[in-house]
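**Student:** In the working numbering, the protein residues as written are -5 to 652.
Next up is a structure, given as C-alpha cells.
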C-alpha cells in the first residue's frame, strides 16, 4: 500500500509539474507581450517627444534577436553562412557593374571621331557628336619629324570639322598644354564657336590670339566652374579637377542622351600636388556609382609599372642642387610647367638668389599664372636679363626655355654664345628638368654636349628625380578604371603600342576584352547602350605650319624639300639648233647634292656628251615643242644618274630652240 501511494504521488507530481510549466509559460508569454507592448508604447512616446523637441528624426531601438514573424532578409546578418556568402557575391557583382543602371532601351547614339592624338604623341583633337549636335574636345599641335624641312609645328586636318560645321556647339578644353591648345588659332581662322575651359587654358589661348592678331575672338571664351555641369547642345559637360604637369587640368564628365561618358584628359594621381588640390576622385567615383557608359583614358605611360611620383619630389632635388652650387643656376623646363618653375623659384628665394626669366613663352605663362592667382610670388625678386651682371654668380637663378634642344631657344643660344645677355661658363649648374619628347633625343644630346664643353655641370633626367612625368602609370590607370567602372573602354592619347598596353591593363582589372576598343585617327565609332561599332573613316592628316610667319606650308612644298634634301637637283641649260638638230655651244650644268664640287667639270662634260648623244638619236616629234624635248631629256638623264648614283634627283632641263 505504501508503495502504491508513492507511485500515485509520482504521477500526480509529474502532472502537476507539466501543468505548472504550461501555466508559467503562458504567464511568461503574456508578461513578455505586455512588456513588449509597453516598451513599444514607451518608445513611440519617446520618439514623439524627441521629434517635437529637437525637430529631427531619431532611430528606434530594434531587438537584435529576430522574432518568428520577422523576415530574416531584412537583417544585415544571417545564420546561414552560405546564404551570407551568396548575398555578398551579388553585392560585389552589383558594385562592379554599375553600368547596368544605364537604361539599355534608350534610343539614339553618340559618335566619337579622333582627328589627332592616336598613334602619336601630341596633336590631340576629337569630336563627340549626336545627330543634331557636336563638340570638339581639345585642338592641339604636334612636332614635325627631322625630314619635314622648314616645318615648325603640325596641326590636325580640319576637313571633317568643315563637313559638320553647322552642328558644332563648342570647343571643350581640358588643359593648357600645346598638344591640346596649340592649333586653336588656326581653327579659329576658319570657323568660330564658344570655347569652354577653366581660366588658365583660356588665358594661354588668349596669348596665342594676340600673336596671331585675333584678339577679337576672345569674346568666344566661356570660363567654367568645376563640378558644375553646363548644357552645350545635346551634351551636359562637367569639368572635374585633375592633376597633371600643368596647373588647372581637368577630366570631363559628359552626360549624353544615352549615358555618361568620362574623358580623363591627360592625368596622373598626385596626392601631394604643389597647390594642395589633389584630383577630385570623389566626383569620378560619384559618376562611377551612377553608371558610366564609356571611358576615354590617357595611355601615354601605359608601359610604366607602379605609380608616377608626385611633382613635389622635384623640389627636394632642386634644394640639393641649389645647396651645392656656388655659381649660377640655370633651369630649363617646359614653359607650361608652372609648378616646376614655381618650385625652382622658391628654392632660389630660399638661397638668396635673384630670379631672371628668359624666354617669351616662359615669361607669358608665369605672368598669367601670377595674375590669375595660381601662384603667389613677390615681384621684387625678379630682375631683367641686362641686370644679371650687377650680381655675383651665387646670387643668380635663370629660368629659361630650351629643354628640348630647340635651335632658336634661349638655352641653345646661350650654349653657342649667341645669346645677347647670357653665355654659359665654367661653374654654371644647368638643370634640364624635362624628358626629351620622342624624336628630340638627338637635339637634346647635342645641347648637353655644348653645355658641358663650356665647363658647365648638367643635371638631366638621369639625375635622381630631376623630372617626373605628368601622366598616369599602370596602377593609376587601374585606379581610374576601378573608380569609373565603365561599360566600354577606349584607350586614347598615345602611340598604337601604348593603346594596346593600356588595353592589357584594363583586361587585368576584369574588363571584358569585347568591350575594349583600340582606335586610330579618322575612325568614327558609334556608341549605343547596347553595342559599339565602327561606322566609317573620315579624312585626317597633318597640316604643316611655318611658325615664323604663322602660315600653312602646302604639302607638295614639303615633299619637294624632302626630295631635294635626299636626292639632290640637276639643272641643265642648253641651246639647240632645231633645223640641223645640233647642240649650240656648251650646255650649262649645275648640281646640288649630287656630286662634290671638285667633280663639277667632269660631270658637266658627261652631261654634255649625254645631251649630244640624245640629240643625235632623238625622233622628229620631240622637236615639235620644247616641253616634249625637255621631258624626254629628263627621262634619259634620270636613268643615267640612277645607274651611277642610285638616286633619283630632281632634274630641271631648260632647252631653247634656235
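The beta-carbon is built from N, C-alpha and C at its ideal position, and this holds for glycine as well.
Could you tell me which residues DSSP puts in a beta bridge with residue 531?
**Tutor:** 517
**Student:** Buried or exposed for residue 659, please, with buried defined as at least 16 other CB atoms from any protein chain shown within 10 angstroms of its CB.
**Tutor:** This structure gives no information on residue 659, because the portion of the chain shown stretches from -5 to 652.
**Student:** Taking the alpha carbon of residue 696 as the point to measure from, which residue in 542, 536, 652 and 613 has its own alpha carbon closest?
**Tutor:** What the structure shows of the chain is the stretch from -5 to 652, and residue 696 is not part of that stretch, so it cannot be assessed.
**Student:** Looking at C-alpha atoms only, which residue of 620, 516, 340 and 438 is the closest neighbour of residue 393?
**Tutor:** 340
**Student:** Using a beta-carbon distance below 8 angstroms, is residue 231 in contact with chain B?
**Tutor:** Among the chains in the structure shown there is no chain B, since it carries only a single protein chain.
**Student:** For residue 562, tell me which candidate among 577, 569, 579 and 584 has the shortest Cα-Cα distance.
**Tutor:** 584
**Student:** Taking residue 249 and residue 223 to be in contact with their CB atoms under 8 angstroms, please state how far apart those CB atoms are, rounded to whole angstroms.
**Tutor:** 7 angstroms
**Student:** Give me the residue from 521, 468, 138 and 282 with the minimum Cα distance to residue 106.
**Tutor:** 521
**Student:** Taking residue 467 as the reference, which of 225, 213, 292 and 652 has the closest Cα?
**Tutor:** 292
**Student:** Excluding sequence positions up to five away, which residues of its chain have a Cβ less than 6 angstroms from the Cβ of residue 451?
**Tutor:** In chain order, 423 place their CB closer than 6 angstroms to the CB of residue 451, counting only its own chain and leaving out the 5 sequence neighbours on each side.
**Student:** Within a Cβ cutoff of 6 angstroms, which residues of the same chain sit near residue 329, ignoring the five residues on either side of it in sequence?
**Tutor:** Here the set comprises 355, 356, 359 and 395.
**Student:** What's the call for residue 88, buried or exposed, on a 16-neighbour Cβ count within 10 Å?
**Tutor:** So residue 88 ends up on the exposed side.
**Student:** By Cβ distance, which residues of its chain are closer than 8 angstroms to residue 301, with the 5 residues on each side in sequence left out?
**Tutor:** 263, 467, 469 and 470
**Student:** Suppose only complete runs of 4+ residues qualify. What are the alpha helix (DSSP H) ranges in the stretch 568 to 642, listed by chain order?
**Tutor:** Qualifying alpha helix (DSSP H) stretches, in chain order: 594 to 611 and 620 to 639.
**Student:** Across the stretch 181 to 199 and the stretch 217 to 234, are there enough close Cβ pairs to call them in contact, namely three or more that are closer than 8 angstroms?
**Tutor:** yes
**Student:** With distance defined between alpha-carbon atoms, name the residue in 639, 532 and 649 nearest to residue 120.
**Tutor:** Residue nearest to residue 120 within the set 639, 532 and 649 is 532 (criterion: CA-CA distance).
**Student:** In whole angstroms, give me the CA-to-CA distance for residue 645 and residue 570.
**Tutor:** 18 angstroms
**Student:** Let me know if residue 175 comes out buried or exposed under the rule of 16 or more other beta-carbons within 10 Å of its beta-carbon.
**Tutor:** buried
**Student:** Looking at C-beta atoms only, is the number of pairs between the stretch 538 to 553 and the stretch 153 to 163 that lie closer than 8 angstroms three or more?
**Tutor:** no
**Student:** To the nearest angstrom, how far is it from the Cα of residue 409 to the Cα of residue 132?
**Tutor:** 35 angstroms
**Student:** Taking 6 angstroms as the limit between beta carbons, can you name the residues of its chain near residue 309, skipping five residues before and five after?
**Tutor:** 337
**Student:** Within the same chain, show all residues whose beta-carbon is closer than 6 angstroms to that of residue 162, passing over the 5 residues directly before and after it, in chain order.
**Tutor:** 128 and 187
**Student:** Measuring straight from C-alpha to C-alpha, what distance separates residue 575 and residue 616?
**Tutor:** 11 angstroms
**Student:** If contact is defined by three or more beta carbon pairs under 8 angstroms, each pair taking one atom from either stretch, is the stretch 362 to 369 in contact with the stretch 411 to 423?
**Tutor:** no
**Student:** What is the rounded straight-line gap between the Cα of residue 559 and the Cα of residue 138?
**Tutor:** 16 angstroms
**Student:** Where residue 59 and residue 72 are concerned, what is the direct C-alpha to C-alpha distance, given to the nearest angstrom?
**Tutor:** Residue confidence is low: residue 59 scores 44 on pLDDT, short of 50, so the model does not pin down where it sits. No coordinate-derived value is stated.
**Student:** Contact defined as beta carbons within less than 8 angstroms: I believe residue 509 pairs with residue 481. What is the distance between those atoms, to the nearest angstrom?
**Tutor:** 6 angstroms
**Student:** Nearest to residue 125 by CA position, among 503, 252, 220 and 118, is which residue?
**Tutor:** 252
**Student:** Measure the C-alpha to C-alpha separation of residue 621 and residue 608 and round it to an integer number of angstroms.
**Tutor:** Roughly 15 angstroms separates the two Cα atoms.
**Student:** Given that a residue counts as buried once 16 or more other Cβ atoms are within 10 Å of its Cβ, and exposed if not, what is residue 307?
**Tutor:** exposed
**Student:** According to DSSP, simplified to helix, strand and coil, what is residue 105?
**Tutor:** strand
**Student:** On the CB-based measure, 16 or more other CB atoms within 10 Å of its CB, does residue 601 come out buried or exposed?
**Tutor:** buried
**Student:** In angstroms, rounded to a whole number, what distance separates the CA positions of residue 517 and residue 259?
**Tutor:** 19 angstroms
**Student:** How about residue 338: is its Cβ closer than 7 angstroms to a heavy atom in the ligand ZN?
**Tutor:** Judged by which ligands are present, the structure shown has none, so any question about the ligand ZN falls away.
**Student:** Per DSSP, which one or two residues make a beta bridge with residue 245?
**Tutor:** 234
**Student:** By DSSP, does residue 93 sit in helix, in strand, or in coil?
**Tutor:** helix
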